[in-house]
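Trainee: Quick note, the working numbering runs 11 ahead of the 1-based positions in the sequence shown.
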Amino acid sequence: MEQQQQHIATLKEQLAQLQQNHGLLSLKAGTEWEDMDYQEIACLQELGAGKLPLLVKIAGAEAKVDLRHLQAIGVNGILAPMIESEYALEKFVTMVLNHYEKTSQKPFLAINIETIHAYEQLDTLLNNRFFEPVDLVVIGRLDLSLSMHIDDVDHPKVAKVTQDIVKHVRAKGKDVSIGGFVNPASADSIKNNFKANR
Numbered sequence: 012m013e014q015q016q017q018h019i020a021t022l023k024e025q026l027a028q029l030q031q032n033h034g035l036l037s038l039k040a041g042t043e044w045e046d047m048d049y050q051e052i053a054c055l056q057e058l059g060a061g062k063l064p065l066l067v068k069i070a071g072a073e074a075k076v077d078l079r080h081l082q083a084i085g086v087n088g089i090l091a092p093m094i095e096s097e098y099a100l101e102k103f104v105t106m107v108l109n110h111y112e113k114t115s116q117k118p119f120l121a122i123n124i125e126t127i128h129a130y131e132q133l134d135t136l137l138n139n140r141f142f143e144p145v146d147l148v149v150i151g152r153l154d155l156s157l158s159m160h161i162d163d164v165d166h167p168k169v170a171k172v173t174q175d176i177v178k179h180v181r182a183k184g185k186d187v188s189i190g191g192f193v194n195p196a197s198a199d200s201i202k203n204n205f206k207a208n209r
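In structure tokens form, the structure reads like this:
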């Protein structure tokens, strides 16, 4: 037990260093591609408690079981994967708002824009009335690049699309985060090149 507490203390110290030295703003978990169980997510929630909010990517736009479990462990940052249509956006926002209206927690809504198809639908998505409650757009560069048949998240064509998404989302007054192989070595470059604010 003492060894486990030391390990947790070390992790908290490392998170504080990432926060201070590299601008870490939140923690991310997920039941979709990340394949995390609720116990692992609860551990991350505890690690960041009071210092780093937790954003959890659910298994789909209408993953009700995920919402029920996440709400029970105190998670309010909910990220929907693969939002490529107005219908998916509407389903996600409606489901989360309906679920959290029965609780004292206020949800933090985030959507993933991570395919070239979603990019082609961007204006439609951003102008949909269900986009208004969305707090954050996460650009998933790995799936974006693969949907463009490109194996490199840093490829100039992927960078151009990413920059365009950032520009349009920021023009709507929303926060933007960029994913896809972000690490301390690449964080500053991504921050400077794409002007994302999260």
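Don't be surprised by glycine CBs; every beta carbon is placed ideally from N, CA and C.
Taking the runs of the beta strand (DSSP E) that are 3 residues or longer, which of them lie wholly in the region 151–187?
Mentor: Entirely contained in the region 151–187, not one beta strand (DSSP E) run reaches 3 residues.
Trainee: What would DSSP say about A53, mapped onto helix, strand or coil?
Mentor: Along the sequence shown, one-based indexing puts residue 53 at 42. A53 falls in the helix class under three-state DSSP.
Trainee: Please report the distance separating the alpha-carbon of D154 from that of V145.
Mentor: Walking along the sequence shown from the start, residue 154 turns up at place 143. Walking along the sequence shown from the start, residue 145 turns up at place 134. Distance between the alpha carbons of D154 and V145 is about 21 Å.
Trainee: If contacts are defined as beta-carbon pairs under 8 Å, then V107 and P118 qualify, I think. What distance do you get, rounded to the angstrom?
Mentor: Residue numbering aside, residue 107 sits at position 96 when the sequence shown is read from its first letter. Residue numbering aside, residue 118 sits at position 107 when the sequence shown is read from its first letter. That pair is a contact at about 5 Å.
Trainee: Inspect the CB distances between the region 47–59 and the region 100–115 and report whether three or more fall short of 8 Å.
Mentor: No, they do not touch.
Trainee: Applying the criterion that 16 or more other CB atoms from any shown protein chain within 10 Å of the CB defines a buried residue, is A83 buried or exposed?
Mentor: By one-based count along the sequence shown, residue 83 stands at place 72. Exposed, because fewer than 16 other Cβ atoms sit within 10 Å of the Cβ of A83.
Trainee: Leaving out five residues before and five after V104 in sequence, what residues of the same chain have Cβ atoms less than 6 Å from its Cβ?
Mentor: For the purposes of this step, residue 104 is identified with residue 93 of the sequence shown, where counting begins at 1. Answer for V104: F141, P144, listed in chain order.
Trainee: L63 by DSSP, collapsed to three states: which one?
Mentor: As a working mapping, residue 63 is identified with position 52 in the sequence shown. Three-state DSSP puts L63 in coil, outside helix and strand.
Trainee: Throw me the rounded Cβ distance for the K121 and L147 pair, which I believe falls under 8 Å.
Mentor: Along the sequence shown, one-based indexing puts residue 121 at 110. Along the sequence shown, one-based indexing puts residue 147 at 136. Per the sequence shown, the amino acid found at residue 121 is Ala instead of Lys. Confirmed, Cβ separation roughly 4 Å.
Trainee: Please report how far the alpha carbon of G5 lies from the alpha carbon of N32, in whole angstroms.
Mentor: Only positions 12 to 209 of the chain appear in the structure, and residue 5 is not among them; the question remains open.
Trainee: By how many angstroms is the C-alpha of Q30 removed from the C-alpha of E101?
Mentor: Against the sequence shown, residue 101 aligns to sequence position 90. Against the sequence shown, residue 30 aligns to sequence position 19. Each residue's Cα considered, the two are about 33 Å apart.
Trainee: What is the rounded straight-line gap between the Cα of I89 and the Cα of A53?
Mentor: As a first step, residue 89 is located in the sequence shown; it is residue number 78 there, counting from the start. As a first step, residue 53 is located in the sequence shown; it is residue number 42 there, counting from the start. Roughly 14 Å separates the two Cα atoms.
Trainee: Per DSSP, which one or two residues make a beta bridge with N208?
Mentor: Residue mapping note: residue 208 aligns to position 197 of the sequence shown, counting from 1. According to DSSP, which records beta bridges pairwise, N208 is partnered with nothing at all.
Trainee: Does E13 pass the burial test, meaning 16 or more other C-beta atoms within 10 Å, or should it be called exposed?
Mentor: Taking the first residue of the sequence shown as 1, we reach residue 13 at position 2. Counting Cβ neighbours within 10 Å, E13 comes out exposed, since fewer than 16 surround it.
Trainee: CA-CA distance, K62 and A207?
Mentor: As a position in the sequence shown, residue 62 is number 51, starting the count at 1. As a position in the sequence shown, residue 207 is number 196, starting the count at 1. Using only the alpha carbons, I get a separation of about 21 Å.
Trainee: Given a cut-off of 7 Å, decide if V193 and V187 are closer than it, judged by their beta-carbon atoms.
Mentor: The residue you call residue 187 lines up with position 176 of the sequence shown. The residue you call residue 193 lines up with position 182 of the sequence shown. In this structure, V193 does not lie closer than 7 Å to V187 by Cβ.
Trainee: Comparing C-alpha positions only, which one of D163, A72, T42 sits nearest to L81?
Mentor: Here residue 81 refers to the residue found at position 70 when the sequence shown is read from its first residue. It is T42.
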